[in-house]
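Read through the structure below, which is laid out as structure tokens, and then see the notes.
2 protein chains.
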Amino acid sequence: MSDVYKALADETRRLLLDELMQRDEQTLFELCTKLAMHHDLTPTRQAVSQHLDVLEAAGLVRTERRGRYKLHTINTAPLAQIAERWPTRRTRT
Amino acid sequence: MSDVYKALADETRRLLLDELMQRDEQTLFELCTKLAMHHDLTPTRQAVSQHLDVLEAAGLVRTERRGRYKLHTINTAPLAQIAERWPTRRTRT
DNA sequence: AGCATAGGCAAGCGTTCACTTGCATGTCAA
DNA sequence: TTGACATGCAAGTGAACGCTTGCCTATGCT
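Chains as they are written, first to last, in the working numbering: chain P, 2 to 94; chain Z, 2 to 94.
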């Protein structure tokens, strides 16, 4: 779980998760394009690739090779555990 | 919210939140002691103080001065927003 | 085969971060 | 008032981080 928190610390990685929420199974180039179009971010392809590596190592992204394409899919499971660790205590009634 | 994610990136800060979940209104020294007792961590007082500053800046900790004591209390509200940003999609039925 | 496309590897660079050290401020009790 | 206690401020250091650059591998199409 330590890797999950570190993965979320970067804004670009959070935006990548946002884009994957919109649609699963996106390639590196698709995600690069959307960062530029939706968020005016123009990091290099390698930078985005490294971000995706971090997300995958944290278990937040699953990948699948299909021919020369590598498809990325979000996995929200680790995120649910964050809210569970520090649950909002019930207001005394 | 960006500060919230960065605040959570450090393990010591997450443990501080854990301790504040156990009991609110703890002083800097109390938290230092608990890090040592419960987690075998012995950072200096200043290091812990800086961590608490980060947590406060992120809105995850509220403080109140009472005489020479500064009491720290957790605020879980920002944490709930994390799970809301990337909700687990319902499995197709 | 030849070429374009999609992605991978690795070194280098500047910044941020966590931490320590040293000193200063403020509060309370005797 | 004096001393002990709780906290604050600031500079310095080493490591981690995000990013770029340059080159390499692999797949698919004509």
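Don't be surprised by glycine CBs; every beta carbon is placed ideally from N, CA and C.
Since the structure is predicted, the reported quantities are computational estimates derived from the model, not experimental observations.
Less than 7 Å separating the beta-carbons of residue i and residue j?
i                     : j                     : result
residue 26 of chain Z : residue 74 of chain Z : yes
residue 52 of chain P : residue 13 of chain P : yes
residue 56 of chain Z : residue 10 of chain Z : no
residue 61 of chain Z : residue 40 of chain Z : no
residue 81 of chain Z : residue 5 of chain Z  : no
residue 42 of chain P : residue 87 of chain Z : no
Would DSSP call residue i helix, strand or coil?
i                     : result
residue 31 of chain P : helix
residue 63 of chain Z : strand
residue 36 of chain Z : helix
residue 22 of chain P : helix
residue 13 of chain P : helix
residue 46 of chain Z : helix
State the Cα-Cα distance for the pair residue i and residue j, rounded to the nearest angstrom.
i                     : j                     : result
residue 50 of chain Z : residue 79 of chain P : 29 Å
residue 20 of chain P : residue 35 of chain P : 7 Å
residue 46 of chain Z : residue 33 of chain Z : 7 Å
residue 70 of chain P : residue 28 of chain P : 6 Å
residue 84 of chain P : residue 90 of chain P : 11 Å
residue 24 of chain P : residue 68 of chain P : 20 Å
residue 66 of chain Z : residue 54 of chain Z : 14 Å
residue 44 of chain Z : residue 2 of chain Z  : 27 Å
residue 48 of chain P : residue 63 of chain Z : 36 Å
residue 38 of chain Z : residue 93 of chain P : 30 Å
residue 72 of chain Z : residue 22 of chain Z : 14 Å
Assuming residue i is part of the alpha helix (DSSP H), what are its boundary residues?
i                     : result
residue 86 of chain P : 78-86
residue 42 of chain P : Careful: residue 42 of chain P lies outside any alpha helix (DSSP H) and carries neither H nor E.
DSSP beta-bridge partners for residue i?
i                     : result
residue 72 of chain Z : Z:65
Any heavy atom of the ligand FAD closer than 6 Å to the Cβ of residue i?
i                     : result
residue 46 of chain Z : The model depicted lacks the ligand FAD and carries no ligand whatsoever.
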